[in-house]
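Beneath this line is the structure, given in structure tokens, with notes to follow.
Protein chains: 2
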Amino acid sequence: MGKDEAQKLVTTLKALANPIRLRIIASLVDEPKHAYALAKEMGLSYPLTHLHLKGLRKMGLVKEIEHETKTEGRPSARTYAPSKFELLLTPERIRDILKEDG
Amino acid sequence: MGKDEAQKLVTTLKALANPIRLRIIASLVDEPKHAYALAKEMGLSYPLTHLHLKGLRKMGLVKEIEHETKTEGRPSARTYAPSKFELLLTPERIRDILKEDG
DNA sequence: CTGGTATATAAGAAATTTCTTATATATATA
DNA sequence: TATATATATAAGAAATTTCTTATATACCAG
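In order, the protein sequences belong to chains D and R. Sequential numbering of the first sequence, starting at 603, is according to the working numbering. Sequential numbering of the second sequence, starting at 603, is according to the working numbering.
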């Protein structure tokens, strides 16, 4: 097992292939923040922001970091930051990844 | 002009975020071929293959190359090969690309 | 006790993407 | 002329993704 590198590549690309999710990553690089603050900053509803964030978290592109003791007080405020991913795609790499797992 | 690098990134990622389109690129890296041959090889209908190929061509990820004088004869057989693209994605690059064209 | 901050999720609508089927054209070979 | 090769596209069905609205919980300040 431990295969299907190809399927993982597709889901990672799908996670990235969305303007809102790219903006979320861009915003969190500058400064890690809560889903609620992110929603306000981006002019989006909280549920939509939460949804996109969930997709990014599931793919490991964004992670929850330990509380900055900044916006303190409210119920368990979760701060998010982008993971340190690096994705390099060329035709040859795509072929190599797809060949690994028929 | 020359703007909206961000939108181009999204459409490129969308073009890549599909298992069939990744398989098409992988197959064409090994050997450039016609849409028809590609469809047969992949076990897909010609119209579906043509559709995916069209999307890849539109984004410049696949290009038509000059006839190999190989499968000669039939009506204007068009041979395709992947373009030499290179896409490197990190959180910082995403931020930089999105900042260029607010 | 109301409003603002903060979380999470479900249901369904809306939009987009994906895929099939049908149509049309054209050539070379058996 | 029938078959296999080869192209292109349109119409609509099917599937998936995206987004809104509603619901529920919880804490703190005024």
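The beta-carbon is built from N, C-alpha and C at its ideal position, and this holds for glycine as well.
Using the three-state DSSP reduction, which class does residue i fall into: helix, strand or coil?
i	result
residue 658 of chain D	helix
residue 646 of chain R	coil
residue 672 of chain R	No answer about residue 672 of chain R holds up, because its pLDDT of 45 lies below 50 and its placement is not dependable.
residue 692 of chain R	coil
residue 701 of chain D	helix
residue 618 of chain D	helix
residue 633 of chain R	coil
residue 686 of chain R	coil
Classify residue i as buried or exposed, calling it buried when 16 or more other Cβ atoms lie within 10 Å of its own Cβ.
i	result
residue 629 of chain R	buried
residue 667 of chain D	exposed
residue 686 of chain R	exposed
residue 637 of chain D	buried
Please check the pair residue i and residue j, which I expect to be a contact at CB under 8 Å, by giving their CB distance rounded to whole angstroms.
i	j	result
residue 584 of chain R	residue 635 of chain R	The structure shown does not extend to residue 584 of chain R, since chain R is modelled only from 603 through 704, so no value can be given for it.
residue 626 of chain D	residue 650 of chain D	Actually they are not in contact, since the Cβ atoms of residue 626 of chain D and residue 650 of chain D sit about 11 Å apart, beyond 8 Å.
residue 694 of chain R	residue 631 of chain D	6 Å
residue 699 of chain D	residue 611 of chain D	6 Å
residue 690 of chain R	residue 690 of chain D	5 Å
residue 692 of chain D	residue 688 of chain R	5 Å
residue 622 of chain R	residue 654 of chain R	5 Å
residue 624 of chain D	residue 608 of chain R	7 Å
residue 614 of chain D	residue 644 of chain D	With 8 Å as the limit, residue 614 of chain D and residue 644 of chain D do not qualify as a contact, their Cβ atoms being about 22 Å apart.
Can you list, in chain order, the residues of the segment 620–634 of chain R whose Cβ is nearer than 9 Å to any Cβ on chain D?
620, 621, 624, 625, 627, 628, 629, 630, 631, 632
Cβ-based contacts, 7 Å cut-off: residues of the segment 640–669 of chain R near chain D
none
Check each residue of the segment 687–698 of chain D: if its Cβ is closer than 7 Å to any Cβ of chain R, include it; give the result in chain order.
Taking 7 Å as the Cβ-Cβ cut-off, the segment 687–698 of chain D approaches chain R at 687, 688, 689, 690, 691, 692, 693, 694, 696, 697, given in chain order.
Could you run through the segment 606–621 of chain D and flag, in chain order, every residue whose CB is less than 9 Å away from some CB of chain R?
608, 609, 611, 612, 613, 614, 615, 616, 617, 618, 619, 620, 621
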